[in-house]
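Presented below is the structure to which this report refers.
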Amino acid sequence: MDTPSKVSYLVVGSEEAGQRLDNYLMKHLKGAPKSLIYRIVRSGEVRVNKGRADVTYRTVEGDQIRIPPIRLAEPSAKPSQAAAARGPALPILYEDEALLVIDKPAGVAVHGGSGVSFGVIEQLRALRPQAKFLELVHRLDRETSGILLVAKKRAALVAMHEMLRNDRGMDKRYLALVKGVFPDARRHVRFKLQKYVTADGERRVNVTPDGQDSHTVFNRKAAFADATLLECELKTGRTHQIRVHCAQSGFPILGDDKYGDFALNKALPRQGLKRMFLHAWRLTLNHPISGEPLKLEAPLPLELQTYMNSLESL
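The sequence shown: position 245 = 245 (UniProt numbering), numbered continuously.
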């Protein structure tokens, strides 16, 4: 049974400052769908310091946020905990008081929304109800596996966002198996990329003169008869950057359902590849609090390693 709420007011604390307004509301309005949160913000029913605000507004310590009367499901910890238990295992690569590093499985969204009710961050919060602060540092596409950073302290989140914003301080490497024989041992690829949304509401990226600068370095790791394993060294972090750079260079990632070779993709499951071959493999950074060098690595998933082992080496 749903229960109606009353008008309430929240004050943003120091550990909550810097969050997007929609993420802040989702954390406080347990069970509220993202579509409802977007609607009450855009209609002006949510007020920040007595004024209207956009969902992208970043909260500031001391902000007073008005929450309108809405209907939410009866609160219960059991459903979320059960959903977390049913979700895929989230192997932990590293953890301390400030940082949690997950080896995200392919096929799992990093957060709820766009038809997905339960992502990695929701699962972590359900499994760790005592945690005061858990926020995604960055995102991985749902189809991509590998290293995912989660901040356990506001100071750590701010420091790592600064590294990402300046495109320095983090060395991110992915492994991608692409169609064809890549001719160069090392190649710098640069395109201007622009995001857009399809009629079906899906995010896409194209190359356009008005887009944002993007830069990937491809290092050839292994060559096969009809495919190449590339180490993709990110110099910028645009949406779908590696996928678009590979496709635009004439070497689409195997299994990529947005930018890949669709005819080839249909044959891949019969050959043993049932997902996109893109994996966030290695990440090097200075610890956001201590400054100590931190080297993280997520091994290639078994299904990808098995498929690659089946290929004929050159």
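Quick reminder that beta carbons are idealized off the backbone N, C-alpha and C, glycines included.
- Only residues of its own chain outside the window of five on either side were considered, and among them Tyr-307 and Ser-310 have a CB closer than 8 angstroms to the CB of Gln-271, listed in chain order.
- For Ile-92, the number of other beta carbons within 10 angstroms of its own is below 16, and it is reported as exposed.
- Inter-residue distance for Glu-97 and Asp-226 is about 46 angstroms (C-alpha atoms, whole angstroms).
- Residue range 34-42 is occupied by the alpha helix (DSSP H) that includes Val-41.
- Burial state of Thr-198 is exposed, judged by a 10 Å Cβ sphere holding fewer than 16 other Cβ atoms.
- With contacts defined as CB atoms closer than 8 angstroms, Ala-17 and Glu-61 qualify as a contacting pair.
- Taking each of His-245, Gly-31 and Ser-14 in turn and checking the Cα distance to Thr-208, the smallest one comes out for His-245.
- Distance from the CA of Gly-107 to the CA of Lys-153, rounded to the nearest whole angstrom, comes to 27 angstroms.
- Taking a cut-off of 8 angstroms for Cβ pairs, the region 44-56 and the region 153-170 do not touch, as fewer than three such pairs fall below it.
- Residues of the same chain with a CB within less than 6 angstroms of the CB of Ala-151, apart from the 5 flanking positions on each side, are Glu-135, Val-137 and Leu-157 in chain order.
- A straight-line Cα-Cα distance of about 22 angstroms links Gly-255 and Gly-119.
- Between Val-48 and Ile-65, the alpha-carbon positions lie close to 5 angstroms from each other.
- For Arg-173 against Glu-233, the beta-carbon gap comes to about 6 angstroms, under 8 angstroms, which counts as contact.
- The criterion of a C-beta distance shorter than 8 angstroms is not satisfied by Leu-10 and Ile-70.
- Judged by DSSP in its simplified three-state form, His-245 adopts helix.
- Judged by pairs of C-beta atoms under 8 angstroms, the region 176-193 does not touch the region 282-292, as fewer than three such pairs exist.
- Across the set Pro-269, Ser-14, Val-101 and Ala-126, the C-alpha of Val-101 shows the shortest separation from the C-alpha of Leu-285.
- C-alpha of Phe-133 to C-alpha of Ala-223: approximately 44 angstroms in a straight line.
- Here Leu-148 is bridged, per DSSP, to Ile-102.
- For the 8 angstroms CB-CB criterion, Glu-303 and Arg-275 form a contact.
- Under the three-state reduction of DSSP output, Val-60 falls in the coil class, being neither helix nor strand.
- Remark: C-beta atoms of Arg-142 and Ala-109 approach each other more closely than 8 angstroms.
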